[in-house]
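Here my numbering is used: the first residue of the sequence shown is 2, the next is one more, and so on. Beta carbons are placed, not taken as given, at the ideal position from N, Cα and C, and that holds for glycine. Presented below is the structure to which this report refers.
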Amino acid sequence: MKTQKFNSIWDAIEDTPQEAASMQARSTLLMELAQLIDERGLTQGQAAKLFGVTQPRISDLKRGKINLFSLDTLINMASTAGMAPVVKLTKIKSTTSTGSVSRSREAVAA
């Protein structure tokens, strides 16, 4: 059995590099938004007002229901809360003899 190495868990479980990139960015934003709620000691109702969404959306966020959130929605929530979301892109690092590529991606919510 050949061992495979991946840059992120999303590269391992998603079907395409595009899906993995989207999930990586979404998960980073989701975790940062949840951390902000915790750090400020906000109730779900207070967080909903801060992010401009409903309380059930905050419940979904806190429970990690990543599939219910688009990248646009998470960026909008972060921006509405006064955060400055940044997308960082890096070029493909290398190509192997099999044609596969090593990718590096990152999305940061500051």
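If you draw a 10 Å sphere on the C-beta of Met-2, you find fewer than 16 other C-beta atoms in it, and that means exposed. Under the 8 angstroms Cβ criterion, the segment 31 to 42 counts as touching the segment 62 to 79, having at least three qualifying pairs. Rounded to the nearest whole angstrom, the C-alpha separation of Gly-83 and Ile-14 is 32 angstroms. For Leu-69, there is no enclosing beta strand (DSSP E), since its DSSP letter is neither H nor E.
With a threshold of 16 other beta carbon atoms within 10 Å, Arg-27 meets it and is buried. Between the beta-carbon of Leu-43 and that of Leu-51 there is about 7 angstroms, and that keeps the pair under the 8 angstroms contact cut.
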